[in-house]
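Chemist: There's a structure below that I have some questions on.
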Amino acid sequence: MIVASGLRKIYRVGSMEIKAVDGLDIFIEAGEFLSIVGPSGSGKTTLLHLLGLLDAPTSGSISIDGMDTAALSPKQLTRLRREKIGFVFQEFNLLPVLNARENVELPLRYLKVPAEERRRRALRALEMVSLTDRADNRPGQLSGGEQQRVAIARALVTEPVLVLADEPTGELDTYNTCKVIELMRDLNRDTGQTFAIVTHDPMVADYTRRIVSLRDGRIASDSAGPEAALECDAGAGDIR
Ligand SMILES: Nc1ncnc2c1ncn2[C@@H]1O[C@H](COP(=O)(O)OP(=O)(O)OP(=O)(O)O)[C@@H](O)[C@H]1O
Ligand SMILES: [Mg+2]
Numbered sequence: 351m352i353v354a355s356g357l358r359k360i361y362r363v364g365s366m367e368i369k370a371v372d373g374l375d376i377f378i379e380a381g382e383f384l385s386i387v388g389p390s391g392s393g394k395t396t397l398l399h400l401l402g403l404l405d406a407p408t409s410g411s412i413s414i415d416g417m418d419t420a421a422l423s424p425k426q427l428t429r430l431r432r433e434k435i436g437f438v439f440q441e442f443n444l445l446p447v448l449n450a451r452e453n454v455e456l457p458l459r460y461l462k463v464p465a466e467e468r469r470r471r472a473l474r475a476l477e478m479v480s481l482t483d484r485a486d487n488r489p490g491q492l493s494g495g496e497q498q499r500v501a502i503a504r505a506l507v508t509e510p511v512l513v514l515a516d517e518p519t520g521e522l523d524t525y526n527t528c529k530v531i532e533l534m535r536d537l538n539r540d541t542g543q544t545f546a547i548v549t550h551d552p553m554v555a556d557y558t559r560r561i562v563s564l565r566d567g568r569i570a571s572d573s574a575g576p577e578a579a580l581e582c583d584a585g586a587g588d589i590r
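In our numbering, the protein residues as written are 351 to 590.
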């Protein structure tokens with residue numbers, strides 16, 4: 351489904367050249383459930399932004415469903431991204447003036463979905479992340495973990511074929527981490543949606559079917575994940 355080859359992203363800051371992604375090849379098939387791990391600064395977010403068509407590579411190519419993305423106009427790229435890709439940002443990127451439901455509705459607004467259907471689908475997505483009762487709260491009135499779950503609902507609301515999630519459980523306790531991964535894994539199994547999840551958390555990586563490990567902007571290893579069984583028990587200290 352996604353084929354990236356010779357992918358490079360070089361940032362220039364003053365006279366410095368930072369090779370954030372440095373000649374990387376990756377093939378992600380439809381229906382995969384994979385994690386991307388690696389030390390801080392190894393290029394995980396940069397890679398996710400490239401694969402999500404949020405950022406253009408310095409060189410190299412990305413094709414999605416056999417379509418070379420370099421051949422697409424900015425307008426076509428935007429449409430492809432809005433229709434097919436759901437993105438969970440490392441810093442959430444929620445709009446502070448909108449409440450949780452309105453934030454989740456945003457991608458549907460861009461797709462020109464009628465208001466009533468938007469509201470219904472946004473509430474359903476919030477229900478999936480157990481936040482129905484916080485729908486009217488603005489991000490500033492939510493905890494970090496709750497904001498993260500709103501960001502996840504926003505990524506899922508369009509039912510994208512590909513979900514790219516950057517540290518989607520970074521702010522969550524063990525119980526909620528388990529619930530979020532369980533939700534993603536169920537969606538992956540039931541709908542065939544593809545998930546690529548960046549994580550620092552070895553437990554999260556262990557739940558996935560494939561673990562891609564980055565180092566200095568390159569793939570250091572790419573192997574089968576244990577796909578550990580999920581049992582989400584609320585333990586001491588966890589907030590439901
Ligand atoms: N906009 C930018 N301008 C300059 N350098 C950047 C920019 N974005 C990222 N970098 C650099 O590129 C490298 C890779 O960054 P990236 O954010 O992809 O790492 P990461 O693996 O996601 O790290 P973390 O685990 O801390 O989120 C880092 O050295 C970073 O400083
Ligand atoms: Mg990052």
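All C-beta atoms in this analysis are idealised placements derived from N, C-alpha and C, irrespective of residue type, glycine included.
In three-state DSSP terms, what is T296?
Modeler: No information on residue 296 is available, as it lies outside the stretch 351 to 590 that the chain covers here.
Chemist: Quick check on M478: buried or exposed, where buried means 16 or more other Cβ atoms within 10 Å of its Cβ?
Modeler: M478 should be labelled buried.
Chemist: Just verifying my parser: in three-state terms, what is the DSSP assignment at T557?
Modeler: Looking at the sequence itself, residue 557 is Tyr, so the reference to Thr does not match. Here Y557 sits in coil by DSSP.
Chemist: Does DSSP put V530 in a helix, a strand or coil?
Modeler: Of the three classes helix, strand and coil, the one that applies to V530 here is helix, per DSSP.
Chemist: Any chance you could list the beta strand (DSSP E) runs of at least 3 consecutive residues sitting entirely within the segment 413-494, in chain order?
Modeler: Segments of the beta strand (DSSP E) lying fully in the segment 413-494: 435-438.
Chemist: Going by the beta-carbon positions, is the gap between T558 and G575 smaller than 8 Å?
Modeler: Contact flag set, yes.
Chemist: Taking Cβ to Cβ, would you say R474 is nearer than 8 Å to L458?
Modeler: Contact: no.
Chemist: In this structure, does DSSP put D566 in helix, strand or coil?
Modeler: DSSP places D566 in coil when its eight states are reduced to three.
Chemist: Going by DSSP, what residue range makes up the beta strand (DSSP E) through A549?
Modeler: Here the sequence assigns Thr to residue 549, which means Ala is not the residue at that position. Counting along the chain, T549 falls outside any beta strand (DSSP E), and DSSP gives it neither H nor E.
Chemist: Are there three or more Cβ pairs, one per stretch, closer than 8 Å when the segment 381-399 is compared with the segment 543-555?
Modeler: Touching, yes.
Chemist: Can you tell me whether DSSP reads E521 as helix, strand or coil?
Modeler: Three-state result, E521: coil.
Chemist: In three-state terms, what does DSSP make of V371?
Modeler: Here V371 sits in strand by DSSP.
Chemist: Go through the residues and name those whose CB comes closer than 7 Å to any heavy atom of ligand 2, in chain order.
Modeler: Cβ-based neighbours of ligand 2 within the cut-off: K394, T395, Q440, D516, E517, V548.
Chemist: On the three-state DSSP scale, how would you describe T396?
Modeler: It is helical.
Chemist: Distance, Cα to Cα, Y525 vs E532?
Modeler: Each residue's alpha carbon lies about 10 Å from the other.
Chemist: How far does the beta strand (DSSP E) with L514 in it extend, from its first residue to its last?
Modeler: Where L514 is concerned, the enclosing beta strand (DSSP E) stretches over 512-516.
Chemist: Could you say which of N538, D516, G410, G402 lies nearest to V438 if we only look at CA atoms?
Modeler: The shortest C-alpha separation from V438 is found at D516.
Chemist: I'd like to know whether the C-beta atoms of Q498 and L522 end up nearer to each other than 8 Å.
Modeler: Against a cut-off of 8 Å, the Cβ pair of L522 and Q498 comes out as a contact.
Chemist: Return the first residue and the last residue of the beta strand (DSSP E) that G391 is part of.
Modeler: It is not in any beta strand (DSSP E) - G391 carries neither H nor E in the DSSP assignment.
Chemist: Relative to ligand 1, is the shortest distance from any of its heavy atoms to the C-beta of G391 smaller than 7 Å?
Modeler: G391 Cβ: within cutoff of ligand 1.
Chemist: Report the three-state DSSP secondary structure of D540 (helix, strand or coil).
Modeler: Of the three classes helix, strand and coil, the one that applies to D540 here is helix, per DSSP.
Chemist: At the level of alpha carbons, what is the spacing between C582 and T519?
Modeler: Answer to the nearest angstrom: the Cα atoms are 14 Å apart.
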